[in-house]
Structure formats: structure tokens, C-alpha cells
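See structure below.
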């Protein structure tokens with residue numbers, strides 16, 4: 619929605635850009651490697667560019683590449699993409715009260731462009747949905763500023779990655795910069811003891827269930843961590859809301 | 844140009860774009876208001892960090908489907924150094940840079 623100048627003029631747009639800027643390099647490095655990986659796995663340049671511009675979801679792109687190359691059935695590729703993207707379903711539930719006042723095309727455009735980092739930064743900056751028109755404009759501008767940086771750095775570096783193609787050896791391991799950025803985001807979310815526990819349970823579960831197909835280990839990890847933390851919270855933490863804001 | 848373009852692949856790509864829209868907008872495609880039970884609101888406090896940990900931790904401690912057999916792996920030291928930096932200075936970019944500064948020499952020189 620950064621093509622709307624009415625949003626760009628809001629002061630919170632710049633704030634969103636500023637807050638997201640430090641993450642841009644990590645996203646860019648991740649995009650670069652995704653671009654290189656697409657071309658090197660045998661996709662044509664046109665296919666790789668189409669995938670970058672349309673799909674705009676690194677983990678489902680990376681998961682889809684070997685399936686595309688192997689000629690897996692249509693529904694298997696889509697089902698894999700859906701499972702890898704399930705975390706976004708959880709995010710959309712959280713974002714609903716922030717966006718429902720908008721017409722459908724507008725909220726769905728925001729939704730499509732809001733990936734992990736944008737979601738995490740937006741909801742930690744605004745723990746509560748807006749209640750006045752002024753707050754709504756500010757929140758929309760902040761969200762847009764954040765995903766504007768994400769989109770530009772992802773697209774730009776992915777396209778450069780596609781162009782460089784085989785020039786960058788995979789063995790340099792630059793893709794790991796994306797993982798390290800996610801480590802930083804993960805640390806920034808660890809704001810209470812129960813959330814640290816959720817991360818540890820989810821990590822251990824994802825490793826233990828790694829053999830499951832379709833990246834379902836991630837879905838199982840979320841389910842186990844949320845249910846266990848919820849159960850611990852009910853049984854052992856008298857005031858979970860206070861624990862939250864440590 | 845390594846591969847050739849075919850319509851089937853392009854159709855799958857369009858389908859995947861549809862999956863991105865569907866999952867990112869899942870709960871706000873319909874106008875109909877949904878009442879959310881309280882437990883679901885509480886679950887949202889844990890789901891995002893659980894999802895990220897579920898994606899990230901296997902990327903650090905696993906190699907082709909198995910736990911790394913020993914500590915000769917640059918990713919582990921890089922992630923620990925990055926996390927330590929985060930809790931010291933609180934910056935995501937610094938986390939990435941410190942992590943890469945540990946990762947690249949170990950990975951390229953020692954092939955860890």
C-alpha cells in the first residue's frame with residue numbers, strides 16, 4: 619500500500635521505515651540466497667522472477683523449489699506451501715481487529731504484504747488495536763512503512779540474486795544471515811519466562827518431529843508449545859497478564 | 844538461463860501466490876464477525892514465538908534431517924554469539940552481523 623501517497627504522508631510511515639531498516643540487510647541476504655537457489659535448482663529466469671514477485675513468502679518458495687523441479691502434483695506443492703505458511707493464519711487472527719474497519723480489498727492488500735518481520739514489529743509496537751480514526755491512520759501508516767522496507771529489500775535482493783545466479787557459490791552460506799536475523803527477532807519476542815519456555819518447547823518439538831512430511835514439524839511444534847504453555851499458565855501462574863509484560 | 848519456462852510451473856506459482864494471500868488474510872477475508880474464546884487470545888501470546896522457534900532452531904542444529912553429531916558446526920556458535928549480542932545490546936542487525944562474523948571464518952576456513 620506504499621503506492622498510496624496518503625499513507626506515505628503520515629508521520630508514522632517514516633517511523634515504520636526507521637524501525638524496520640535494521641532488519642533489511644538480513645532480509646536482503648535471505649532474498650539474495652533465495653534468488654540464487656531458484657535459478658540454480660533449474661527454474662528458468664522467467665519462472666524465478668514470477669515466483670519472487672507473486673509468491674512473496676521465502677519459506678514456502680524454498681520448500682516449493684525441489685517439488686517443482688521434481689514435478690510433484692499441483693496440490694502437493696500448494697498443500698506444502700499452505701502448511702509452511704500456517705503461522706500466517708495465526709498472525710491473521712491476531713491482525714483481524716486491527717484491519718476489520720477497512721474495505722476488503724484494502725485489508726487483504728495489507729494482509730498479503732505483511733510477512734513475519736512486519737507482523738512481529740507491528741504487533742509489538744501496537745499491542746492494542748486503534749479506537750479512534752487518528753490512531754487508525756497512524757497504525758496503518760506504521761504497518762505500511764514496515765512492510766515497505768521488507769518488500770523493497772526482499773524484491774531487490776531476490777532479483778539481484780536471480781541475475782547473479784551461479785556467480786555466488788552456495789557454499790559461502792550467506793543464506794544463514796536470514797536465520798541469524800530470525801534469531802534476533804526470536805530474542806526480541808522472549809519478553810516473559812513463559813514465552814522463553816514456549817520457544818524452547820517449540821524448538822525441541824520441531825527437531826524431534828523433523829521427519830514429518832510437508833514441514834508439519836513446525837505446525838506440531840506450535841501446537842505443542844501453545845497447549846503446554848496454556849496448561850502451565852492455567853495451573854501454575856496466578857496472574858498471566860502481569861507475567862506477560864516483564 | 845538454466846531451465847525452460849513452462850505453463851504448468853507458472854500455474855503452480857500463481858497457485859502459491861493464492862496460498863500466500865489465503866494464509867496471510869485467513870481470518871479477515873470474511874466480513875462476518877467471529878467471537879474468539881478467551882483461550883485463543885491467550886494462545887496468541889505463545890504462537891508467534893513458538894512458530895519462529897519451530898522454523899529457526901532446526902535450521903541451526905540440524906543437518907540433512909539429523910541433529911548435528913558434534914559441536915563442529917559454525918551455525919551453533921554463530922547463533923549463540925548472535926543471541927548473546929542481542930541480550931547485551933538489543934539490536935537485530937547487530938545480532939546478524941556478530942553471528943556472521945563468527946559464522947563465516949569457521950565455515951569458510953575450517954569448513955564447519
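Protein chains in written order, with our numbering: chain H, 619 to 864; chain X, 844 to 955.
We put the beta carbon where it would ideally sit given N, CA and C, even for glycine.
- Pairing residue 649 of chain H with residue 856 of chain H, the inter-Cα distance amounts to about 44 Å.
- Taking a C-beta cut-off of 7 Å against chain H, the contacting residues of the region 904-935 of chain X are 904, 905, 908, 910, 918, 921, 922, 925, 926, 929, 930, 934, 935, listed in chain order.
- Closer than 9 Å to the CB of residue 901 of chain X there is at least one CB belonging to chain H.
- Per DSSP, residue 655 of chain H is one residue of the alpha helix (DSSP H) stretching across 629-658.
- Boundaries of the alpha helix (DSSP H) harbouring residue 717 of chain H: 704-717, taken from the DSSP string.
- For residue 861 of chain X, the enclosing alpha helix (DSSP H) begins and ends at 850-868.
- Residues of the same chain with a CB within less than 6 Å of the CB of residue 916 of chain X, apart from the 5 flanking positions on each side, are 955 in chain order.
- A distance of 9 Å or more separates the beta carbons of residue 740 of chain H and residue 885 of chain X.
- By the criterion of a C-beta distance shorter than 6 Å, residue 763 of chain H is surrounded in its chain by 631, 634, 635, once the five residues flanking it on both sides are discounted.
- Between residue 712 of chain H and chain X, the shortest Cβ-Cβ separation is below 9 Å.
- Listed along chain X, no residue sits closer than 8 Å to residue 629 of chain H by beta-carbon distance, the nearest being about 23 Å off.
- Neighbours of residue 886 of chain X across chain H, judged by C-beta separation under 7 Å: 844, 848.
- In this chain, the alpha helix (DSSP H) harbouring residue 818 of chain H covers 811-826.
- In the three-state scheme derived from DSSP, where H, G and I count as helix and E and B as strand, residue 743 of chain H is classed as helix.
- Proximity of residue 891 of chain X to chain H, defined by a Cβ-Cβ separation below 9 Å, is satisfied.
- Linking residue 827 of chain H to residue 888 of chain X through their CA atoms gives a straight-line distance of about 23 Å.
- In this structure, residue 735 of chain H lies away from residue 671 of chain H, with their beta-carbon atoms at least 9 Å apart.
- Using beta-carbon distances, residue 805 of chain H counts as an interface residue toward chain X, with a partner under 9 Å.
- Under the three-state reduction of DSSP output, residue 834 of chain H falls in the helix class.
- Residue-level contact check: residue 952 of chain X does not touch chain H, since none of the beta carbons of chain H fall below 9 Å from its beta carbon.
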